[in-house]
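Novice: A single structure is presented below for examination.
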Amino acid sequence: MSTLPDALDHRTSDHPIVPLFLQRWSPRAMSGEPLSPEERNSLFEAARWAPSTYNEQEWRFLYAVRDTAHWETFLGLLMEANQAWCVRAGMLIVGTSCKVMSRNGKPNPVHTLDCGLAVENLLLQGASMGLVCHAMAGFDRGKARAVLGVPENYDVEVMIAVGRPGSIDDLPENYRDMDRAPSGRKPLEEIVAEGPFAF
Ligand SMILES: Cc1cc2nc3c(=O)[nH]c(=O)nc-3n(C[C@H](O)[C@H](O)[C@H](O)COP(=O)(O)O)c2cc1C
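What follows is the structure, encoded as structure tokens:
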């Protein structure tokens, strides 16, 4: 059985950071076990404590645990390429965010950003618990809105697959190499400039 590598054996930062940032990655090999309520609550608790504009907390998460009533509905939202490995996830999440400020009814220009901060909290919490947590844009947003009853004033933002680490051998063949080592990153000079935009 080929187990998932520890990202810390493959990644190094150029400057000191909390190791959890390196430890979090997006593999696909999962065991096929359902997630426990305790694990689920810890993930959403981490998301809950994210910062947001005016503390709007405008993210709303929907989930389905494997082998329960809503599982097939959530799985059916994913593009085939994501379904191929998400069949062994323990939980699937749909992230949504309210487009309108609750404080004054005006459009919220940062609702997607706020939701992304909550999602990253969730991903980092999952990494700290040794879980696979993999964000996905590859799903049908319109179908998600329709089948999950997401109201018009909310955007459907993201799906997240969560599971216990599994064997790389259980993945479809064309996905196996992607899980043998985590990705790297651009150097700081390519993403940061002092003063004006200079890339
Ligand atoms: C918003 C978002 C959407 C993504 N969509 C998909 C997806 O549909 N399918 C997939 O396999 N990976 C998806 N990913 C995972 C990225 O490919 C991955 O985060 C990126 O390659 C960096 O690798 P790492 O997360 O392992 O560090 C997505 C990630 C994010 C943040």
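Quick note on the working numbering: the sequence shown kicks off at 8 and runs consecutively. Backbone N, C-alpha and C fix where the C-beta goes; we use that ideal spot for every residue, glycine too. Keep in mind it's a predicted model, so treat the numbers as computed, not measured.
#1: Check Asp162 in the structure and name its three-state DSSP category.
#2: Do the CB positions of Leu11 and Pro179 come within less than 8 Å of each other?
#3: For Met37, collect the residues of the same chain with a Cβ closer than 6 Å to its Cβ; drop the 5 residues on either side in sequence, then sort them by chain order.
#4: Go ahead and label Leu50 buried or exposed: buried means 16 or more other beta carbons lie within 10 angstroms of its beta carbon, across all protein chains shown.
#5: Leaving aside the five residues before and after Glu196 along the sequence, list all residues of the same chain whose C-beta is less than 7 Å from its C-beta, in chain order.
#6: Mind checking whether the beta-carbon of Gly145 lies closer than 7 Å to any heavy atom of ligand 1?
#7: Give me the DSSP bridge partner(s) of Ser66.
#8: Assess, as a yes-or-no matter, whether the stretch 19-27 is touched by the stretch 151-168 under the definition of 3 or more beta carbon pairs within less than 8 Å.
#9: Answer with yes or no whether the minimum CB distance from Glu45 to chain B is below 8 Å.
#10: Any heavy atom of ligand 1 inside 7 Å of the beta-carbon of Pro189?
#11: Beta carbon of Trp92, beta carbon of Arg35: below 8 Å?
#12: For Val163, which residues from the same chain have a beta carbon less than 7 Å from its beta carbon, with the 5 sequence-adjacent residues on both sides left out?
#13: Is Ala142 close to ligand 3? I mean its beta-carbon at under 7 Å from any heavy atom of the ligand.
#14: Hey, how far is the Cα of Ala125 from the Cα of Glu159?
#15: Closer than 7 Å to a non-hydrogen atom of ligand 1 - does that hold for the CB of Trp66?
#16: Measuring CA to CA, which of Gly39, Gly123 and Gly83 is closest to Arg73?
#17: Give the DSSP bridge partners of Cys122, in chain order.
#18: So, is Pro189 buried or exposed, given that buried needs 16 or more other C-beta atoms within 10 angstroms?
Specialist: Taking the definition as stated:
#1: By one-based count along the sequence shown, residue 162 stands at place 155. Residue state, collapsed to three classes: strand.
#2: Locating residue 11 in the sequence shown gives position 4, where the first residue counts as 1. Locating residue 179 in the sequence shown gives position 172, where the first residue counts as 1. No; because the gap between Cβ atoms is not below 8 Å, this pair is not in contact.
#3: Here the question's residue 37 lines up with position 30 in the sequence shown. The residues are Arg95, Ala96, Val139, Gly170 and Gly173.
#4: Position 43 of the sequence shown, counted from the first residue, corresponds to residue 50. So Leu50 counts as buried.
#5: Mapped onto the sequence shown, residue 196 falls at position 189. Around Glu196: no qualifying Cβ.
#6: Position 138 of the sequence shown, counted from the start, is the residue given in the question as residue 145. Indeed, a heavy atom of ligand 1 lies less than 7 Å from the Cβ.
#7: If you number the sequence shown from 1, residue 66 lands on position 59. It is worth fixing the name first, because residue 66 is Trp in this sequence and not Ser. According to DSSP, which records beta bridges pairwise, Trp66 is partnered with Ser104.
#8: no
#9: The structure shown has no chain B; it contains just one protein chain.
#10: Within the sequence shown, the letter at position 182 stands for residue 189. Under cutoff, so the answer is yes.
#11: Along the sequence shown, one-based indexing puts residue 92 at 85. Along the sequence shown, one-based indexing puts residue 35 at 28. Against a cut-off of 8 Å, the Cβ pair of Arg35 and Trp92 comes out as a contact.
#12: Walking along the sequence shown from the start, residue 163 turns up at place 156. Closer than 7 Å at Cβ, skipping near neighbours: Val101, Thr103, Arg148, Ala151, Arg152 and Val157.
#13: Absence of ligand 3 is noted for the structure shown, with ligand 1 being the only ligands found.
#14: Counting from one through the sequence shown, the residue named residue 125 turns up at place 118. Counting from one through the sequence shown, the residue named residue 159 turns up at place 152. Rounded to whole angstroms, Ala125 to Glu159 spans 21 Å at the Cα level.
#15: Indexing the sequence shown from 1 puts residue 66 at position 59. Answer for Trp66: no, Cβ out of range of ligand 1.
#16: Taking the first residue of the sequence shown as 1, we reach residue 73 at position 66. Comparing Cα-Cα distances from Arg73 to each of Gly39, Gly123 and Gly83, the minimum goes to Gly39.
#17: Walking along the sequence shown from the start, residue 122 turns up at place 115. Looking at the DSSP assignment, Cys122 forms no beta bridge with any residue, so it has no partner.
#18: Within the sequence shown, numbered from 1, the residue matching residue 189 stands at position 182. Per the 10 Å Cβ criterion, buried.
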